[in-house]
Amino acid sequence: MTDRLLISDPSDSRRAAAELLARPRAGRRADTWVPAFEREGAAAREESRRTFSLAPPYEVVQDRQGRLAHAPAVDAFVASGYDDSEFVDMAKLREAGNGSGTG
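So the sequence shown is residues 15 to 117, counted in the numbering used here.
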């Protein structure tokens, strides 16, 4: 089963976007996600009008799908209490890996 919506014509794009906006409206992220989704949608529609391309609205829908699909995993990570405040500096790892520290 997939949460992805297949879009076959431009009117489906609006319907898909509305359906994807309904999910965060019902959730605890509504205060932040709904305004962001609305801004992104408006910007994509304006870009679409300016460029005569349907790509921007489709990209917004795909981004929304990704965010909504990954939200439960992010919630689980945060709820796990895992402390990621001490990060690993990848540049230092590369330096240590080459032995010389000079790149």
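Where is the CB? At the ideal position from N, CA and C, for every residue including glycine.
Everything numeric in this text was worked out from a predicted model, so none of it was measured.
Checklist entry - Any idea what DSSP makes of Tyr-96, helix, strand or coil? => result coil
Item to check | Which of helix, strand or coil DSSP assigns to Arg-81 | outcome: helix
Next on the checklist: Short of 8 angstroms in beta carbon distance, which residues of its chain neighbour Arg-42, apart from the five on each side in sequence? Order them along the chain.
Outcome noted: none
Item to check | Beta-carbon spacing of Ala-85, Val-74 below 8 angstroms | outcome: no
Item to check | Nonlocal neighbours in the same chain, by C-beta distance under 7 angstroms from Gly-55, ignoring five residues either side | outcome: Ala-31, Val-74
Item to check | Coarse secondary structure for Asp-89, derived from DSSP in three states | outcome: helix
Checklist entry - Taking all protein chains shown into account, do 16 or more other C-beta atoms lie within 10 angstroms of the C-beta of Phe-51, making it buried, or fewer, making it exposed? => result buried
Checklist entry - Does the Cβ-Cβ distance between Pro-70 and Glu-61 come in under 8 angstroms? => result yes
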